[in-house]
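If you read the protein sequences in the order shown, they are chains A and B. Under the working numbering, think of the first position of the first sequence as 1, with each following residue one higher. Under the working numbering, think of the first position of the second sequence as 238, with each following residue one higher. All residues carry an ideal CB built from backbone N, CA and C; glycine is no exception.
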Amino acid sequence: MQQLLDAPIIDVRGAVKQYGAGDASIFALDGVDLQVHRGEYVAIMGPSGSGKSTLMNIIGALDNMTTGKYFLDGIEIDTLDENALALVRGRKIGFIFQSFNLIPRTTALANVELPLAYQGIKGKERRERALAALNVVGLGDRISHEPTELSGGQQQRVAVARALSTRPALLLADEPTGALDSKSTHDLLDLFDQINAAGRTVVVITHEDDVAARAKRIVRMRDGKIISDTSHKKVSA
Amino acid sequence: MSIFEIIRFALRGLNSNKLRTSLTTLGIAIGVSSVIILLAFGNGSSKAVQAGIEKLGTNTITIQSNRGGFGGGRASASRAASSKPLTVADAVALSSPINAPDVKQAAPVAGANVTCSAGTNSSTPGTFNGTWPSWFEASNTSVTKGSYFTNEDVTQGRRVAVIGQTVATELFPTGTPIGQVMRCSGIPFTIIGVTEKKGSNGFQDGDSLVVAPLTAVQRSITGYNNLQSIVVEAKSAKVQDLAQTEINTIMDAQHKIKNTNNRDYRTLNQASLLQTTSSSNSVFTALLGMVAGISLLVGGIGITNIMLVTVVERTREIGIRKAIGAPKRAIMTQFLIEATILSLVGGLIGVVGGFIGSHFKIYGVQPIIIPGSVFLAFGVSILIGIFFGGYPASRAASLRPIEALRYE
Numbered sequence: 001m002q003q004l005l006d007a008p009i010i011d012v013r014g015a016v017k018q019y020g021a022g023d024a025s026i027f028a029l030d031g032v033d034l035q036v037h038r039g040e041y042v043a044i045m046g047p048s049g050s051g052k053s054t055l056m057n058i059i060g061a062l063d064n065m066t067t068g069k070y071f072l073d074g075i076e077i078d079t080l081d082e083n084a085l086a087l088v089r090g091r092k093i094g095f096i097f098q099s100f101n102l103i104p105r106t107t108a109l110a111n112v113e114l115p116l117a118y119q120g121i122k123g124k125e126r127r128e129r130a131l132a133a134l135n136v137v138g139l140g141d142r143i144s145h146e147p148t149e150l151s152g153g154q155q156q157r158v159a160v161a162r163a164l165s166t167r168p169a170l171l172l173a174d175e176p177t178g179a180l181d182s183k184s185t186h187d188l189l190d191l192f193d194q195i196n197a198a199g200r201t202v203v204v205i206t207h208e209d210d211v212a213a214r215a216k217r218i219v220r221m222r223d224g225k226i227i228s229d230t231s232h233k234k235v236s237a
Numbered sequence: 238m239s240i241f242e243i244i245r246f247a248l249r250g251l252n253s254n255k256l257r258t259s260l261t262t263l264g265i266a267i268g269v270s271s272v273i274i275l276l277a278f279g280n281g282s283s284k285a286v287q288a289g290i291e292k293l294g295t296n297t298i299t300i301q302s303n304r305g306g307f308g309g310g311r312a313s314a315s316r317a318a319s320s321k322p323l324t325v326a327d328a329v330a331l332s333s334p335i336n337a338p339d340v341k342q343a344a345p346v347a348g349a350n351v352t353c354s355a356g357t358n359s360s361t362p363g364t365f366n367g368t369w370p371s372w373f374e375a376s377n378t379s380v381t382k383g384s385y386f387t388n389e390d391v392t393q394g395r396r397v398a399v400i401g402q403t404v405a406t407e408l409f410p411t412g413t414p415i416g417q418v419m420r421c422s423g424i425p426f427t428i429i430g431v432t433e434k435k436g437s438n439g440f441q442d443g444d445s446l447v448v449a450p451l452t453a454v455q456r457s458i459t460g461y462n463n464l465q466s467i468v469v470e471a472k473s474a475k476v477q478d479l480a481q482t483e484i485n486t487i488m489d490a491q492h493k494i495k496n497t498n499n500r501d502y503r504t505l506n507q508a509s510l511l512q513t514t515s516s517s518n519s520v521f522t523a524l525l526g527m528v529a530g531i532s533l534l535v536g537g538i539g540i541t542n543i544m545l546v547t548v549v550e551r552t553r554e555i556g557i558r559k560a561i562g563a564p565k566r567a568i569m570t571q572f573l574i575e576a577t578i579l580s581l582v583g584g585l586i587g588v589v590g591g592f593i594g595s596h597f598k599i600y601g602v603q604p605i606i607i608p609g610s611v612f613l614a615f616g617v618s619i620l621i622g623i624f625f626g627g628y629p630a631s632r633a634a635s636l637r638p639i640e641a642l643r644y645e
């Protein structure tokens with residue numbers, strides 16, 4: 001039991017992602033090894049083109065790699081078929097994107113209910129879980145607003161609620177503050193702290209130092225390789 | 238995930254893109270209804286012309302002289318050098334039940350171009366016939382007011398006449414013409430009947446008509462030598478060809494024709510006229526069908542265009558759905574249901590519109606719906622809608638989520 005808990009939730013070994021072939025080929029990932037354990041709060045940093053987004057897409061089972069192995073919560077992802085991948089995305093991972101990626105012209109509540117619906121959760125339970133998630137992000141009074149009626153910060157919080165609604169093992173955020181002002185950024189990062197404090201694993205891709213500063217572990221990337229991996233005790237007030 | 242849930246998603250998807258939904262539906266509806274209405278119009282006009290020709294009598298065969306003078310021209314006159322005019326004896330021979338078992342009756346017709354007058358009013362009938370009473374049945378003409386003239390009127394040579402409604406209104410704008418006297422080429426005729434309204438058959442006014450006993454007309458106007466035609470009625474439309482053969486045999490004998498390519502008479506068969514017009518009408522309908530098909534195609538291109546324009550947005554949406562755990566099957570089913578609902582609703586509106594539109598007369602023609610066109614238009618529109626709605630969606634659903642999310 002202890003061993004199972006200690007098993008890394010993310011276990012990437014020798015990940016290579018190659019675009020193109022021959023002389024024109026580019027290695028977006030050039031042999032990356034990364035283990036993230038349950039309850040960690042990791043920031044993956046690096047300039048654009050460093051491969052951090054590619055790594056995040058692979059971790060999130062949104063993209064496949066050229067060579068390498070990837071275990072998510074003990075499941076080997078590269079061997080899964082289309083349907084099993086959909087299940088993994090739905091149950092194991094909660095996504096947060098830079099551009100929010102809410103379904104347009106659909107209410108906040110319906111957006112949050114969507115991943116639950118794809119898992120076959122019905123009626124009252126689905127509604128309650130979606131409402132609970134919206135309350136966690138502080139949008140309990142905006143449930144029937146459509147994305148265009150919400151501010152950027154509010155839209156991103158709907159996206160967080162959507163990611164949380166399925167109680168995923170891993171919360172995966174790709175430049176979550178990239179389109180937000182500093183106040184919304186601050187609120188969102190507080191939310192991440194809160195989520196991590198509740199025991200959920202959080203992985204954030206960012207190029208902003210103040211965002212990364214909230215994490216307990218910072219992984220720096222350059223040219224498709226990890227160049228540093230430092231853990232630090234969070235400086236708590 | 239249950240199918241009802243997916244249907245709800247599809248309905249929500251349609252509801253949240255109202256403009257796209259209504260434009261697509263409209264495109265399909267217009268395509269479908271125009272196919273139905275145009276083909277119904279073609280069908281209706283063809284039926285109308287057929288009905289007009291049938292009014293002339295489908296069992297009727299008209300024999301005309303091929304010698305000089307009436308319609309023959311000089312060339313045929315010299316060709317048929319030993320030609321004889323049509324005579325009453327020919328008509329009597331054609332009425333023989335032994336030699337012509339498939340002929341019901343034959344009526345000789347003496348015609349002339351005359352002007353008739355009554356008081357200060359005058360009328361020039363398109364048809365002025367001296368004939369036998371059997372002519373009425375053979376030519377499918379009935380008298381609605383007054384009476385027919387009789388065989389006795391013919392033998393006595395009485396100057397009585399039956400007139401068409403056009404002549405009646407021209408000569409007697411007020412009051413009844415029955416019992417009145419009109420003068421045709423100065424000869425007085427007592428009007429004893431008015432025929433049923435026939436309308437125009439597209440070539441001439443069927444009601445511009447005066448019919449009088451043959452003997453009276455021959456005696457006072459045309460003389461005895463030249464019959465204009467002999468109208469023969471076959472026993473039914475089916476035996477018309479047999480009747481035609483019998484007529485040729487009798488007439489060849491009567492006129493001593495040796496070379497059947499060089500007859501001094503010719504026969505006009507209403508059935509063959511009907512065939513000619515109905516084949517030209519089917520060409521007309523086919524032409525309208527092509528126009529309708531093009532409008533369906535244009536409608537289809539419109540649908541495709543709308544579907545393709547929204548595909549960027551839809552592909553991103555599919556990417557999002559996949560990222561949050563939607564199985565490919567659920568996505569494809571949803572989009573296929575959306576496309577099916579769009580095409581079904583559009584198609585049904587089009588069918589209803591087609592039925593409503595076909596109720597109105599277009600240029601006096603009552604469109605008659607061809608049932609096959611309804612199914613064809615409906616089926617094609619649904620296929621177009623499902624294919625062009627479903628295909629880009631299924632392609633997008635097969636992408637990796639990251640490709641769908643980045644789709645521009």
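Query: Nearest chain B C-beta to residue 104 of chain A closer than 9 Å, yes or no?; Result: yes
Query: To the nearest angstrom, report how far apart residue 232 of chain A and residue 571 of chain B are at their CA atoms.; Result: 47 Å
Query: Using three-state DSSP, classify residue 542 of chain B as helix, strand or coil.; Result: helix
Query: By the DSSP assignment, the alpha helix (DSSP H) with residue 499 of chain B in it spans what residues?; Result: Careful: residue 499 of chain B lies outside any alpha helix (DSSP H) and carries neither H nor E.
Query: Quick one: Cα of residue 203 of chain A to Cα of residue 146 of chain A, how far?; Result: 28 Å
Query: Going along the chain, which residues of its own chain have a beta-carbon closer than 6 Å to the beta-carbon of residue 366 of chain B, five neighbours each way excluded?; Result: 346, 348 and 448
Query: Out of curiosity, what's the CA-to-CA distance linking residue 318 of chain B and residue 500 of chain B?; Result: Because residue 318 of chain B sits at a pLDDT of 49, beneath the cut-off of 50, its placement in the model cannot be relied upon, and the point is left open.
Query: Do you know offhand how far residue 257 of chain B's Cα is from residue 162 of chain A's?; Result: 27 Å
Query: Tell whether a beta-carbon distance below 9 Å holds between residue 525 of chain B and residue 325 of chain B.; Result: no
Query: Report whether the distance from the Cβ of residue 613 of chain B to the nearest heavy atom of the ligand PLP is below 8 Å.; Result: The ligand PLP is not part of the structure shown, which contains no ligands of any sort.
Query: Which runs of the beta strand (DSSP E) at least 3 residues long sit entirely within the segment 44–116 of chain A? Give them in chain order.; Result: 67–72 and 93–96
Query: Looking only at DSSP bridge pairs, what is residue 380 of chain B linked to?; Result: B:432
Query: Using Cβ-Cβ distances below 7 Å, what residues of the segment 564–577 of chain B are close to chain A?; Result: 564, 565 and 567
Query: Do you know how far the Cα of residue 170 of chain A is from the Cα of residue 244 of chain B?; Result: 31 Å
Query: Where DSSP assigns a beta bridge to residue 298 of chain B, which residues make up the other side?; Result: B:469 and B:506
Query: With DSSP as the reference, identify every bridge partner of residue 17 of chain A, one or two as the case may be.; Result: A:29
Query: Closer than 8 Å by beta-carbon distance: list the chain B residues that pair up with residue 175 of chain A, in chain order.; Result: What residue 175 of chain A touches in chain B: nothing, since even the nearest Cβ is about 13 Å away.
Query: Output needed for residue 328 of chain B: all residues of its chain with C-beta closer than 7 Å, excluding positions within five of it in sequence on either side, in chain order.; Result: 343, 344, 345 and 467
Query: Any residues in the segment 610–640 of chain B with a beta carbon nearer than 7 Å to a beta carbon of chain A? Which ones, in chain order?; Result: 637, 638 and 639
Query: Please work out which residues of its chain come closer than 7 Å, Cβ to Cβ, to residue 200 of chain A, disregarding the five sequence neighbours upstream and downstream, and give them in chain order.; Result: 171
Query: Tell me residue 221 of chain A's beta-bridge partners as DSSP assigns them.; Result: A:226
Query: Check each residue of the segment 530–562 of chain B: if its Cβ is closer than 9 Å to any Cβ of chain A, include it; give the result in chain order.; Result: 550, 553, 554, 556, 557, 558, 559, 560, 561 and 562
Query: If we ignore side chains and look at the alpha-carbon of each, how far apart do residue 47 of chain A and residue 222 of chain A end up?; Result: 7 Å
Query: Which residues mark the beginning and the end of the alpha helix (DSSP H) in which residue 618 of chain B is found?; Result: 608–635
Query: What in chain E is Cβ-close to residue 91 of chain A, meaning under 9 Å?; Result: Looking for chain E here will not work: the only protein chains present are A and B.
Query: Just to confirm my understanding: we take residue 381 of chain B, look at its own chain, exclude 5 residues before and 5 after, and list those with CB closer than 6 Å. What are they?; Result: 433
Query: Taking only the alpha-carbon atoms, compute the straight-line gap between residue 286 of chain B and residue 575 of chain B and give it to the nearest angstrom.; Result: 45 Å
Query: Just the chain B side, please: which residues come within less than 7 Å of residue 162 of chain A by C-beta, in chain order?; Result: 561
Query: Decide if the segment 581–594 of chain B is in contact with the segment 510–522 of chain B; the criterion is three or more beta carbon pairs, one per stretch, under 8 Å apart.; Result: no
Query: Answer with yes or no whether the minimum CB distance from residue 52 of chain A to chain B is below 9 Å.; Result: no
Query: Can you grab the Cα-Cα spacing for the pair residue 453 of chain B / residue 289 of chain B, in whole Å?; Result: 31 Å
Query: Take residue 398 of chain B as the anchor and find which of B:330, B:496, B:406 and B:428 has the nearest alpha-carbon.; Result: B:428
Query: In whole angstroms, give me the CA-to-CA distance for residue 470 of chain B and residue 340 of chain B.; Result: 6 Å
Query: Let me know the secondary structure DSSP gives residue 365 of chain B once reduced to three states.; Result: strand
Query: Helix, strand or coil for residue 351 of chain B, going by three-state DSSP, please let me know.; Result: coil
Query: Going by Cα to Cα distance, which pick from B:246, B:443 and B:610 is closest to residue 431 of chain B?; Result: B:443
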